Amino acid sequence: MLRQVAEGVLVHQSAFCQTNAVVVQGAAGVLLVDAGVRDEEMACLARDIADLGQSVVAGFSTHPHWDHLLWHPGLGAVPRYGTARCAATVRDRLSDAGAKARVAQLIPPDIVDEVPLGLLGHVTGLPAEAERIPWDGPDLRMIEHQAHAPGHAALVIEERGVLIAGDTLSDVLVPLLDFNGAADPIEDYLWALRLLEGAVGGVDVVVPGHGSLGRGDEVHARIEQDRAYLHALRGGDIVSDPRIGPSAVYAWVASVHERQRQNVVRGREHNTAH
Ligand SMILES: [Zn+2]
3 MLRQVAEGVL
13 VHQSAFCQTN
23 AVVVQGAAGV
33 LLVDAGVRDE
43 EMACLARDIA
53 DLGQSVVAGF
63 STHPHWDHLL
73 WHPGLGAVPR
83 YGTARCAATV
93 RDRLSDAGAK
103 ARVAQLIPPD
113 IVDEVPLGLL
123 GHVTGLPAEA
133 ERIPWDGPDL
143 RMIEHQAHAP
153 GHAALVIEER
163 GVLIAGDTLS
173 DVLVPLLDFN
183 GAADPIEDYL
193 WALRLLEGAV
203 GGVDVVVPGH
213 GSLGRGDEVH
223 ARIEQDRAYL
233 HALRGGDIVS
243 DPRIGPSAVY
253 AWVASVHERQ
263 RQNVVRGREH
273 NTAH
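At position 24 of the sequence shown the residue is numbered 26 (our numbering), and the sequence of numbers has no breaks.
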């Protein structure tokens, strides 16, 4: 089911991890951001778009993680974009013959058979200096940063007051850090939050990659909540955060947090030893 969140901006939520696909209406069709996860849900989304009398003219992946790189044949063979760094990461990680088998290992076993990997990661990188997605529709400004994954981009639709946040600013997931090679993943993430803070002046609604929409004051509150989590993690403080507390929506987030905490402690010990 498509739900309108602002004029010409609709969201389709997956039952898997509250994953949000975002549909943006343009002059000649829609642009689809992070199409979804399960085959049946993406087929349903394709039907919903057709029922609106629209067709998909382009896609965009916010970052190079499997659950943001999927596509369904029913959505059409259209250009699918990502930042240059996102596309380069997809090429590095997914162009060999064993890639799909590796990705299948990352997918929760209960849904792996329902996730279509045929069109996984067919992403064209936009030029590194590009600020906007090239298409005939409202301006989609990319806020590129290195929090969570290489070449991650949030999208601001200024004329609609919408921020499509990718995997930041979620009410169900704490900031998930990218420990693969980043020198200071917490600082990368804090930097991303500063960029987002500078971009949300006219934003009324934030659509996270996973979780529920945040409206009004909630936009800044989400930024503050992610920042507080990161400061506590960095400081080795006890983290009090509803996303990992007793009322957490996903119990597994607490174990991811614990792994992150251990990683940060190890990094600190490593730095003191050298
Ligand atoms: Zn991700």
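Ideal placement from N, C-alpha and C gives every residue a C-beta, glycine not left out. Note that this is a predicted model, so its numbers are computed, not measured.
Exercise. Confirm, please, whether the CB-CB distance from Ala23 to Asp41 is below 8 Å.
Key: Here residue 41 refers to the residue found at position 39 of the sequence shown. Here residue 23 refers to the residue found at position 21 of the sequence shown. Cβ distance not < 8 Å, so Asp41 and Ala23 don't count as in contact.
Quiz item: Does ligand 1 have a heavy atom nearer than 7 Å to the CB of Asp228?
Solution: Numbered from 1 along the sequence shown, position 226 holds the residue referred to as residue 228. In this structure, ligand 1 has no non-hydrogen atom nearer than 7 Å to the beta-carbon of Asp228.
Exercise. May I ask which residues mark the beginning and end of the alpha helix (DSSP H) holding Ile113?
Key: In the sequence shown, counting from the first residue as 1, residue 113 sits at position 111. From DSSP, Ile113 is part of no alpha helix (DSSP H); its letter is neither H nor E.
Exercise. Pick out the complete beta strand (DSSP E) segments inside the stretch 155-179, 3 residues or longer, and give them in chain order.
Key: 164-168
Practice problem: Put Tyr83 into one of helix, strand or coil per three-state DSSP. | Solution: Within the sequence shown, numbered from 1, the residue matching residue 83 stands at position 81. Tyr83 falls in the strand class under three-state DSSP.
Self-check item: Local conformation of Glu9 per DSSP, three classes
Solution: If you number the sequence shown from 1, residue 9 lands on position 7. Three-state result, Glu9: coil.
Quiz item: Considering Leu34, what are the terminal residues of the alpha helix (DSSP H) in which it resides?
Solution: To locate residue 34, count along the sequence shown from 1; it is residue 32. Where Leu34 is concerned, there is no enclosing alpha helix (DSSP H), although the beta strand (DSSP E) it sits in stretches over Val32 to Val35.
Exercise. Could you pull out every unbroken alpha helix (DSSP H) segment of at least 4 residues lying fully inside the stretch 36-79, listed in chain order?
Key: Fully enclosed alpha helix (DSSP H) runs of 4 or longer: 41-53.
Quiz prompt | Where Ile145 falls: helix, strand or coil (DSSP) | solution = Here residue 145 refers to the residue found at position 143 of the sequence shown. In the structure shown, Ile145 sits in a strand (DSSP, three-state: E or B).
Quiz item: Of all the options Asp141, Asp138, Glu146 and Leu122, which has the alpha carbon lying nearest to the alpha carbon of Ala130?
Solution: Here residue 130 refers to the residue found at position 128 of the sequence shown. For Ala130, the nearest C-alpha among the options comes from Glu146.
Quiz item: Just the Cα atoms here: how many angstroms apart are Leu108 and Glu160?
Solution: Mapped onto the sequence shown, residue 108 falls at position 106. Mapped onto the sequence shown, residue 160 falls at position 158. Rounded to whole angstroms, Leu108 to Glu160 spans 35 Å at the Cα level.
Self-check item: Spatially closest choice to Val176 from Pro66, Lys102, Gln227 and Met44, by CA coordinates
Solution: On the sequence shown, residue 176 is found 174 positions in, with the first residue counted as 1. The shortest Cα separation from Val176 among Pro66, Lys102, Gln227 and Met44 belongs to Gln227.
Quiz item: Would you say Thr170 and Ala149 are within 8 Å of each other, going by their C-beta atoms?
Solution: As a position in the sequence shown, residue 170 is number 168, starting the count at 1. As a position in the sequence shown, residue 149 is number 147, starting the count at 1. Cβ atoms of Thr170 and Ala149: closer than 8 Å.
Quiz item: Taking the alpha-carbon positions, what's the Arg82 to Val11 distance?
Solution: The residue you call residue 82 lines up with position 80 of the sequence shown. The residue you call residue 11 lines up with position 9 of the sequence shown. So the two alpha carbons sit approximately 18 Å from each other.
Quiz item: Grouping DSSP H, G and I as helix and E and B as strand, with all else coil, what is Ala101?
Solution: Working through the sequence shown from its first residue, we reach residue 101 at position 99. Correct three-state label for Ala101: helix.
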